[in-house]
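Below: the structure, in structure tokens.
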Amino acid sequence: MANEKLLKLVGQGRGAFVKWRAKHPKVILDLMDADLAGIDLRGANLRRADLIGVNLIGANLATAALIGADLTRSKLCQIKLQRADLSNALLAFADLSGADLTGANLSGADLSKTTLTGAILTEAKLDGARLSDANLQQAKLSGASLKNADLSNAQLNGVDLSSADLTESNLNAARLDETDLTDANLNRANVKSAQFHECRMGWTSLGGIDFSGAFGLDSIIHLAPNSLGIDSLLQSQGKLPEPFLRGCGVPADWANTVVNPAQRPVNFLVFSEQDRPIAEVLQKSLAEVGVRCWLHSKPMEKQEGVPSLFERRADLWDKFLLCASSNSLRSWWVDDEIGAALEREDALTEQRGKPTEVLVPVIIDGFIQGGNWEGVHNKRVYDRLSIDFSRCRRDKARFAAEIEKIVQAVQGEDDQAKGKKKKGK
């Protein structure tokens, strides 16, 4: 129960409490289960206060310091908390329906299973806040910052999230039906099992998102084009309805092309930094025949923390073009990179029920042909040596023929089938 002396002091009004608090700033207040409905404690220092189960309905705590305060199960309906500091506060199971938290700081606060229906959180700061299973229906969060916030299973139906920053937030299984997401930033958010039925988007940032497990994408109301990242298309593995793509502003011919990017491999050429000149020549030559090939350079000296290609790319459809040169094959990284590529191959082969190659060695010089390379995976590499640029320096026709071999090696099966169909016409 609340401290009786403290309750009496608070009952004397804001002036008396503020004066006392100035003399006792470090005292942790015990107001558990107190009835403080309608009280005026604007700007009060309530840091780390025990306010569990307190009744603050209709109270005015604007600009108050509630850092680390425990407001679990508290009744805060219609409370005024404009620009209050509730960072790291505990608000689980609290009722904040109709509360005004305009510009409030709720960073790191625990708002799990909290009721915030109709609450005003315009331009509030909720970075890293825990809002799992919270009910925010019809709340106003325009311009709010929710970076890294946990909104899993949250009810966000009809919420105004226009211009809000939801970067890297967790929206797993959240309900966003009829939610306003115009001009919002959802980059790298987790939207697995999230529901977007008839929500509104326009100028919305949608980069680095796997939409494959989301629901209601085809019902989204697009008020303007959106920024839909290429990484989102790849991570979603083509599981994006065409109405969603078209609504985002993707041209019809592009939408048809990317509707299943999982069947269109992303190609990387991995090489030692010493081989950059030839790697760039190969990249340019492949681009001229319509094949996109990204470069993945490795430093000559071993460095801690340098991620492998497959740590950077979790996509199962990458083609790994290995620069099979003396520089690369004798490098510190080659066995690990080849091993990761072969593991990916084996997984795809089992998944598809037929042999699938990910690793494509590209001979650059005569080193590997001399039989002196004794890498951990040398047998599996030697068995697939067919692309050879070691004798193409002055032979343009031979160079073009080897480029064509790369094209055939990296083309998806659908593209090959299309090519055969065209030739048959």
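Quick note: the sequence shown uses this note's numbering, first residue 12, plus one each step. Note that CB positions come from ideal geometry on N, CA and C, so glycine has one too. Note that the coordinates shown come from a computational prediction; the quantities given were computed from them, not determined experimentally.
What's the gap between the Cα of residue i and the Cα of residue j?
i, j, result
"Lys313", "Arg341", "12 Å"
"Gly386", "Gly169", "59 Å"
"Glu354", "Val421", "18 Å"
"Val277", "Asp394", "23 Å"
"His233", "Ser247", "19 Å"
"Leu122", "Pro254", "35 Å"
"Val281", "Leu117", "45 Å"
"Ala217", "Asn14", "The question names Ala, but residue 217 in the sequence shown is Leu. Those two C-alpha atoms are separated by around 51 Å."
"Ala160", "Arg404", "56 Å"
"Ala273", "Gly249", "Per-residue confidence for Ala273 stands at a pLDDT of 45, beneath the threshold of 50, marking its modelled position as unreliable; no derived number is given."
"Ile289", "Gly260", "38 Å"
"Gly430", "Gln362", "Residue placement at Gly430 is poorly supported in this model, since its pLDDT is 43, which falls under 50; the coordinates are not used for a value here."
Grab me the residues of residue i's own chain with a C-beta within less than 8 Å of its C-beta, minus the 5 sequence neighbours each way, in chain order.
i, result
"Lys158", "Asp138, Gly139, Asp176, Leu177, Thr178, Glu179, Ser180"
"Ala115", "Leu92, Gln93, Arg94, Ala95, Asp96, Leu97, Leu132, Ala135, Lys136"
"Glu284", "Ser308, Lys309, Pro310, Met311"
"Gly154", "Thr133, Glu134, Ser173, Ser174, Ala175"
For residue i, does the three-state DSSP call read helix, strand or coil?
i, result
"Ser216", "strand"
"Asn14", "coil"
"Phe222", "coil"
"Trp265", "helix"
"Phe279", "strand"
"Cys259", "helix"
"Asp144", "coil"
"Gly22", "helix"
"Leu132", "coil"
"Gln246", "helix"
"Ile232", "strand"
Could you name the residues of the same chain whose beta carbon sits closer than 6 Å to that of residue i, not counting the 5 residues immediately before and after it, in chain order?
i, result
"Glu299", "none"
"Cys304", "Asn278, Leu280, Gln294, Leu297"
"Gly377", "Ser401"
Can residue i and residue j be called in contact, C-beta distance under 7 Å?
i, j, result
"Leu67", "Ala80", "no"
"Arg199", "Gly227", "no"
"Ala205", "Leu182", "yes"
"Gly64", "Asp44", "yes"
"Ala185", "Leu167", "yes"
"Ala352", "Val369", "yes"
"Leu127", "Leu107", "yes"
"Thr190", "Gly213", "no"
"Ala100", "Leu72", "no"
"Val292", "Leu332", "no"
Can you name, in chain order, every residue of its own chain whose Cβ lies under 7 Å from the Cβ of residue i, other than the five neighbours on each side?
i, result
"Ser156", "Lys136, Leu137, Asp138, Asp176"
"Asn201", "Asn181, Leu182, Asn183"
Exercise for the section: Report the residue ranges of all alpha helix (DSSP H) runs contained in full by the region 349-404; include only those spanning at least 4 residues, in chain order. Expected result: 389-393
Practice task
Could you pull out every unbroken alpha helix (DSSP H) segment of at least 4 residues lying fully inside the region 148-204, listed in chain order?
Solution key: none
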